[in-house]
Structures are given as structure tokens and as C-alpha cells.
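Sequence lines, in order, name chains A and B.
Position 246 of the first sequence, counting from 1, maps to 246 under our numbering, and the rest follow consecutively.
Add 1000 to a position in the second sequence, counting from 1, and you land on the number used in our numbering.
Positions of the beta carbon are idealized from the N, C-alpha and C atoms, including for glycine.
Keep in mind it's a predicted model, so treat the numbers as computed, not measured.
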Amino acid sequence: MTLMDKKEGKGEYWRWLEYRSIMPGRDWRNAEVITAGVDVGSVGSKAVIMADGEIYSWSVMRTGSNSSDSAKKALGWAMEGTGLKLNNFNYIVGTGYGRVNVPMANRAITEIACHAKGANYIWGPTVRTVLDVGGQDVKAIRCDERGKVVSFLMNDKCAAGTGRGMEVIADLLQIPIADVGKVSLSVNEEPEPVSSTCVVFAKTEAVGLLRKGWSKDKVLAAYLRAMAIRMSELIEKVGCERDFVITGGQSKNIGIVHRVENILGMKRLPVPSLEETGLDPMAAGAMGAALFAKALHERSMKR
Amino acid sequence: MASDIEAGSKYIPEMSKKEIEELRSSIRAASIKVIKENTERMKKTWPNRPETMEYFDEISNFFGQREKEIREQKEAGKKVIGYSCMFAPVELILAADAIPVRIGSGWYDAAKLGDRIMPVEVCPVIRSTVGAKMVNLSPYLELSDAIINPLTCDGRTKLSEILSDYKPILPMCPPRVKDDPQSLSLWTEEMQVIKKKIEEVTERKINRKRLRSSIKVMQRATKAFRRLQDLRKGPPVIMGRDAMLVNQTSMWDDIGRWTEKTEALCDELERRVNEKKWACPPDTPRVMVTGTPMMWPDSWKVPNLIEESTPQGVMVADELCSGDRILYDPVGVDEWTMSDMFNAVSERYLMASTCPCFTSEHGNEDRINWLMDRIKENKVDGVIYYVVRGCILYAMEYARVKRVLDRMGLPVYYLDTEYTREDVGQMKTRVEAFLEMLEARIDI
Chain A
1 MTLMDKKEGK GEYWRWLEYR SIMPGRDWRN AEVITAGVDV GSVGSKAVIM ADGEIYSWSV
61 MRTGSNSSDS AKKALGWAME GTGLKLNNFN YIVGTGYGRV NVPMANRAIT EIACHAKGAN
121 YIWGPTVRTV LDVGGQDVKA IRCDERGKVV SFLMNDKCAA GTGRGMEVIA DLLQIPIADV
181 GKVSLSVNEE PEPVSSTCVV FAKTEAVGLL RKGWSKDKVL AAYLRAMAIR MSELIEKVGC
241 ERDFVITGGQ SKNIGIVHRV ENILGMKRLP VPSLEETGLD PMAAGAMGAA LFAKALHERS
301 MKR
Chain B
1001 MASDIEAGSK YIPEMSKKEI EELRSSIRAA SIKVIKENTE RMKKTWPNRP ETMEYFDEIS
1061 NFFGQREKEI REQKEAGKKV IGYSCMFAPV ELILAADAIP VRIGSGWYDA AKLGDRIMPV
1121 EVCPVIRSTV GAKMVNLSPY LELSDAIINP LTCDGRTKLS EILSDYKPIL PMCPPRVKDD
1181 PQSLSLWTEE MQVIKKKIEE VTERKINRKR LRSSIKVMQR ATKAFRRLQD LRKGPPVIMG
1241 RDAMLVNQTS MWDDIGRWTE KTEALCDELE RRVNEKKWAC PPDTPRVMVT GTPMMWPDSW
1301 KVPNLIEEST PQGVMVADEL CSGDRILYDP VGVDEWTMSD MFNAVSERYL MASTCPCFTS
1361 EHGNEDRINW LMDRIKENKV DGVIYYVVRG CILYAMEYAR VKRVLDRMGL PVYYLDTEYT
1421 REDVGQMKTR VEAFLEMLEA RIDI
């Protein structure tokens, strides 16, 4: 069991849980190399601290209006109570949308490379296709057995099918964000997807459907189905090869996961128990970043 | 010129002089800033950038010395012939003692202006050209006495009508099939017509002597141009952006002077090759760009991202009609007779073109061959396929190009964008992730 701290939301429906944990039985003081990956996404900021390439502690928080503060807060929370100080780190890698604004980072690497690397760490060398659904981007990534990117595709500059879009719809329907997936799957029959894949238009369309007398769960199902179709198109375009995994915040949304699996006719690899392993697919990018940090530190030592 | 049906009415709605002047001066000021910024950024990326580059920086200023020079020559009686695309025979313009200038527009702010009257489906290169015309922004377009406008795509076809409200437009129809028996003869007829029209505009006869001398001038330019491109085959002795700038300035500079300056630059670069003085580390991922033309200054967006990214990339080649294609192919003359020279010019402009406006059973083979040759010769690590929204022909050719590159085992990334600065953040992630992928051979 990990020591898990959670910060509850304040009752807004879009607000998701922030959490952090320290892996038990590990002491950073015994480690030779201490690294961190800080993934500042548009919605969530994630920090992972690794001791000799193994997860030591981590945190997941909402990103504030300032990337640099969000990076500091996320890493600060992962360090809290550990006795770690910034000068204990051998190398820090920043990633995510705000990667260039991670003040303590030695280098920035894109979330695309980091998610592939992180997925390889979580699920092992059989992973070939990664769907990363973040706060404002959807990325379909193909990688090799070492977790190296072979090719990738990214959605347009639009929030459709992303975490931010889910927040918007959760707020509109007044369904807590954590329940969105479950509720969307409670319909007896899958409705037609909403026709708009733009969040703004989809929201308008959802309002129209509610007025027409559709139930909330049916509207939600229609929205999630449209988003799942969009994501699946991206994966099919890049070419889906087994094993397939989902990372990013939406990996927790079973409404999306089930639908994407159905459309592709392929199951994702199951998510390992968070409590036992500390491996959160939402923090895959930060994990990849911490691993790159270790490799970069070791390379700099060799020189 | 407006037809009888709608005599006097223009496609672009009338705007007040005051509004035109205000918009023009604000976009012009913004553009001067972008030109300056791009130059500074290029200097920063290449700290030991040779002084010989400064000449091209000067010529790259649309609102500077070169504009003044053309204006003065025009006042002294010279004609200016603008052209929108590389199908226009520069040799014929020069042979009529006129000044050739390319008028394609890379201004993002002008595209926004064009949005007021253009449908969103139209590609931004056209929207930007229309926007520039709305406020008389482009000095070269404004200075043109006539504009040669090859009708390579639907946008250009309609652009002809719009610009004809202001300038004599000399359209040219390239055949869409290159290798049919009648293609070259159709094109040569088209050339004959354009020759006559150029003669009318300039009131100058294109005779054997003048054509011969203009072909020679352009052959020398091609030689210098090729020398520069050949220098990019080895370790990076010049950054791609800087080479692209040199290439593009040939489209509006005095071509004789441009040739001298380019030779001088090549002399300097050759010295640097001997000294192994590289523009960036020799193991920098080598990128090739292909697709929609990238016009100076605003469409430096993607080149800037590639060469300023971490990890850095260097553009060692491109397949762009705004880049390595401009002067790559010489006019090959066997006998210096009028008809031989004329046919040679005609053949060069049709056969050497790799424009996606062509079609054949096997796709645009010449383009694919160009890509494959350059990939091998310039030791390209990865290709960025650049398309601006609305550029249907390039977008549609992607699938076939990708298949060929996949077979070669060469990574290719489709980068679609708009004439906007708003997507720079997302573009940066795409470009960087692609370069990280290329860099992954340095195992971390």
C-alpha cells in the first residue's frame, strides 16, 4: 500500500481529485541517482520523482494560470515530507505543454516522447501503440520495444475529445467528472453520436438534446461516443498495433476507454493497481521524463 | 479589366482611403518587425554567420533598398513584370528588358484581411495575396506593370480575375498532364502567347540576341544556385533558413548581382568546409521540407521551429517552389537559334516542374523522384510534409509520397497549419517530437 494523500474538490462538477503518494519501503538516501520528471499539461500538472530509475514519489495536481508555479507546486508536493531538497536532484526534465516553463528543469522533452517512454515503463516492452488523451491534445503514438517513438499524430488545435472538453460537458450536465464514464455507460442502447466534434458546438448540441427530452446519461453517451470515434480515427490513421495502451487523464474515463476499444476491436492492456504499484497512466509523461532525466544524467557523467 | 457585364465594379469592395492607409501602415510596420525578428533569430542560431549573408538580409526587406531601386528604374522607363508562380519564364521577361519580381504573399496579417471577402476554404497564400492587394501592401505587386499568373490551381485561377481589376493579368495554362505527346507543344504555344504579351507590355521585341543574353544570365544564376545547394550535401556549413533566404531573394533581386553575391557566399562557405567550421554540430538531424511554398517573412514559422528546436534540426534540402526548386534547373540550349532557345525555355519550365498540379497514372512521379534523389544526396534523416489548409493538391499527394518514404524507411511527418501565429505552441510540440524521434539514434 502506498501512502496516498488526496485533496477533495470543492463541489464543482468538473473538479477532479488531486493526489500524491510516496512509495513505501524506498529511501532516496540510498539511491545513487535522483531524478524528476515534471509534466505541465494544460489541465493537469504531474511530477514523478525517481530514485535509481524506480518511482519514489509522485503527485498529480491541476494546472494553474501560471505554468512555472504549477511546475513548482507539483514537484513541491511530490517532495513534501520526504526531506528531499532541489539540490538533491541529479537531473530534472520538464515536459508537457508548459515544458519550457519548468524553472528547475535541466532540459525539456516533448510529452510525445515522454508518454511513449512512460508507457514502456508501466506496461513493458510489448507496447506498440499509445493513445495519450490529455487536457487539450489527443496524440496517437507508435513506439518500439524500447519505448522510442516511431511515428505519431496529434489532433488539431481544438479541445474536442480531450480532458478539457470532458470538464465542460461534466459541468453542463452537472455530473461529477469522475462519474462521467460510468454514467455514460448506463444507457441501454448506444445513441447516435453528437455530430459536432468541436467542444463549443457539441455543448450547444448537447443543450439542444436536453431540451428535446434526452436523459443526461444519453446525452453524455452521445458526446463520449463522438469523442471516442475521433480518437479512434487518429489511432487508425497512425496504425494500431498490439499492445495498445491509453495514457493521460482520460485513461481513467471508462466511457471513453470502452468505446475506443469497441471501435478498434482491440482491448487496451489493463491498468496496474495504482495502490500497489504507484503506476498512474495519467502520470506516464512525467515518468518518461524522469527516466529520460536519468539517461541524460548518466550520459553527461560519461562525457 | 472589368467586363462589360459589370463595368466598373470590382471584386474587392471599395474601402475608404483612410481605412486602406491605416491598415496598410499597421501591417507594413508589423511586417518590418517580423523581417527584423526573423533576421535576428537566424543570426542567433548561427553565431558565426558569415558577413556575406548581410547582403541577403538587406534584399529580404520588402520595404527597403530593393523597392527603392526598382521604383527608380521604373521611373527611368523600365517595366516591371510580376509573376505569381515558377511557371513564369523569367528569361523572357529579362529579354524584354523588364524587371521580374515574384509576388506570392507570405503575410499572415494580410491573410486575415483577405478573410473579409474570401471563403475560408481558399488557401491562405491566395487569401493573403488578395488581402495585400486590398491595402496595396506588396510593393512588388504594386510596382508591376503586368502580372503573369499561371493557373496551377483553383485559387490562382480566381485570383486572376480579382487582380485583373487593378493590373493587366497575363494568365498561363500549364497542361495538367506532362508526358502526353501534345503537352509540350501546347505549352510552347502558351509560351508564344506570353512572349507576345510581354512584348506588348514592355514595347520591346524579344530578339535572338536579347534572349540569348538573358538565358546566359539565368544559366549563371543557376550555376551559383546549384553550387549553394551542393554545399548543403555535406556536414551543415549553412543553416537551412539562411539558404532558403538566399534562394528566395533571387526572385526579386537583380539576378546578375544576386549571382555575384551568391558566388561570394559560396566561396566563404567552401573555405569553411576546408576549416571544418560548421554552422551547427555535424550530428544535427537533417531535415527536408516539402509541400506548400513557404513565403518570406511570416511563413518562416516552421523553418524557425525546426532550426531553433531542442533538439535542433537543420534543413539540408527542400522540395518547395519557394526554395530549392527556384533556380535548380538550367535552360539547356543546343544551338543558339531563336527557335531552339525558345523551345529550350519552354521545355525547362514544363518538364523540370514538380508541381502537384500535374497528374499521371502513377502520380506525380517527377516530384517523387526529386524527393528520393535529394533524400539520398543530402543524407536526409526525416521529411516534414508541410501543408497549409486549403492547399488541396499538396494535401492529396501526401498519401503517395508517404508510401514511397515508408518503403525507404524514412520518417515523414505531416504538418498542417494556417497563416496564423496562434498555433505556434502546438506546432512546436509536433516539430520537437519529430526531431526527438530523429535524434533517438543518439541513444538515451
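- Close beta carbons around M266(A), own chain, < 8 Å, minus the five adjacent residues each side: Close CB contacts of M266(A) within its chain, under the 8 Å cut and outside five residues either way in sequence, are with C240, R242 and F244 (chain order).
- Message: At the level of alpha carbons, what is the spacing between M1(A) and S300(A)?
- Response: Summary for M1(A): the model assigns pLDDT 36, below 50, so the residue's position carries little reliability, and this model does not support an answer.
- Item | chain B contact residues for K148(A), given Cβ-Cβ distances below 8 Å | Correct list: M1437 and A1440.
- Beta-bridge pairing of I1020(B) - partner residues as DSSP gives them: Per DSSP, none; premise fails for I1020(B).
- Message: Per the DSSP calculation, R142(A) is bridged to which residue(s)?
- Response: Paired residue(s): T129(A) and S151(A).
- Message: Using a Cβ-Cβ cutoff of 8 Å, what residues of the stretch 87-113 of chain A are near chain B? List them in chain order.
- Response: Cβ contacts with chain B come from Y97, R107, A108, I109, T110, E111, I112 and A113.
- Task: Could you work out which residue in R1041(B), V1333(B), I1099(B) and V1424(B) is closest to R1204(B) when comparing CA atoms only?
- Result: Closest option to R1204(B), Cα to Cα, is I1099(B).
- Message: Output needed in chain order: residues of the stretch 1418-1430 of chain B with a Cβ under 8 Å from some Cβ in chain A.
- Response: Correct list: E1422, D1423, G1425, Q1426, T1429 and R1430.
- Message: Tell me the DSSP secondary structure of I256(A) in three-state form.
- Response: Three-state result, I256(A): helix.
- Item | Limits of the alpha helix (DSSP H) - the one that A1146(B) falls within | Careful: A1146(B) lies outside any alpha helix (DSSP H), inside the beta strand (DSSP E) at A1146 to P1150.
- At 7 Å on the CB atoms, spell out the chain A contacts of A1433(B), in chain order. Here the neighbours are T110, I112, A113, V149 and F152.
- Do N1364(B) and E1397(B) have their C-beta atoms within less than 8 Å of each other? Remark: C-beta atoms of N1364(B) and E1397(B) approach each other more closely than 8 Å.
- Rounded straight-line distance, which links the Cα of K1195(B) to that of D1329(B): About 21 Å.
- Task: Check the Cβ-Cβ distances between P1282(B) and every residue of chain A, and say whether any is below 8 Å.
- Result: No, P1282(B) lies away from the interface with chain A (no Cβ there is under 8 Å from its Cβ).
- Beta-carbon proximity check, T82(A) vs I34(A), cutoff 8 Å: No; because the gap between Cβ atoms is not below 8 Å, this pair is not in contact.
- What residue does the beta strand (DSSP E) around A202(A) start on, and which one ends it? Looking at the DSSP string, A202(A) is not in any beta strand (DSSP E); the run it does join, the alpha helix (DSSP H), is V199 to R211.
- Message: Using C-beta distances below 8 Å, list every residue in its chain close to P959(B), excluding the 5 sequence neighbours before and after it, in chain order.
- Response: With chain B represented from 1001 up to 1444, any question about residue 959(B) goes unanswered, as that position is not in the structure.
- Item | Beta-bridge pairing of P1171(B) - partner residues as DSSP gives them | Here P1171(B) is bridged, per DSSP, to N1149(B).
- Message: Taking only three categories from DSSP, how would you classify A1098(B)?
- Response: Three-state DSSP puts A1098(B) in coil, outside helix and strand.
- Can you tell me where the beta strand (DSSP E) with A228(A) in it begins and where it stops? A228(A) -> not in any beta strand (DSSP E); alpha helix (DSSP H) instead, spanning K216 to V238.
- Query: Since D1145(B) contacts I1081(B) with CB under 8 Å, what's their CB separation in whole angstroms?
  - Reply: The Cβ separation is near 7 Å, so the contact holds.
- Near-chain A residues of the stretch 1295-1316 of chain B (beta-carbon distance less than 8 Å), N- to C-terminal order: Those residues of the stretch 1295-1316 of chain B that come within reach of chain A (Cβ to Cβ, closer than 8 Å) are T1310.
- Query: Below 8 Å, can you find three or more Cβ-Cβ pairs linking the stretch 1050-1061 of chain B to the stretch 1261-1273 of chain B?
  - Reply: Judged by pairs of C-beta atoms under 8 Å, the stretch 1050-1061 of chain B touches the stretch 1261-1273 of chain B, as three or more such pairs exist.
- Item | Nearest-angstrom beta carbon gap, G1064(B) and M1295(B) [assumed within contact, 8 Å] | About 17 Å; that fails the 8 Å criterion.
- Which of helix, strand or coil does DSSP assign to K46(A)? Correct three-state label for K46(A): strand.
- Item | Where N66(A) falls, given that 16 or more other Cβ within 10 Å makes a residue buried | An exposed status is given to N66(A), since fewer than 16 other beta-carbon atoms sit within 10 Å of its beta-carbon.
- Task: Could you tell me if A284(A) is buried or exposed, where buried requires 16 or more neighbouring beta carbons within 10 angstroms of its beta carbon?
- Result: A284(A) comes out buried.
- Should N253(A) and M154(A) be called a contact, given that it needs their Cβ atoms to be closer than 8 Å? No.
- From E1067(B) to G1425(B), what distance separates their C-alpha atoms? Taken atom to atom, the span from the alpha-carbon of E1067(B) to that of G1425(B) is near 34 Å.
- Consult DSSP for V1345(B) and reduce its assignment to one of helix, strand or coil. V1345(B) sits in a helix when the DSSP states are folded into three classes.
- Query: Once you ignore the five residues that flank W1300(B) on each side, which residues in its own chain have a CB closer than 6 Å to its CB?
  - Reply: So the list reads N1038, once near-sequence residues are dropped.
- DSSP three-state call for G1155(B): helix, strand or coil? Of the three classes helix, strand and coil, the one that applies to G1155(B) here is helix, per DSSP.
- Item | Under 9 Å from the C-beta of P1411(B): neighbouring residues of chain A | Within 9 Å Cβ-Cβ: V150 and S151.
- Message: Whole angstroms are fine: how far does the CA of I177(A) sit from the CA of W313(A)?
- Response: Residue 313(A) is absent from the model: chain A starts at 1 and stops at 303.
- At a cut-off of 7 Å, is E54(A) close to the ligand NAD when judged by its beta-carbon and the heavy atoms of the ligand? Among the components modelled here there is no ligand, and therefore nothing to report on the ligand NAD.
- Item | Assigned exposure category for S1213(B) - 16 Cβ within 10 Å defines buried | Flag for S1213(B) reads exposed.
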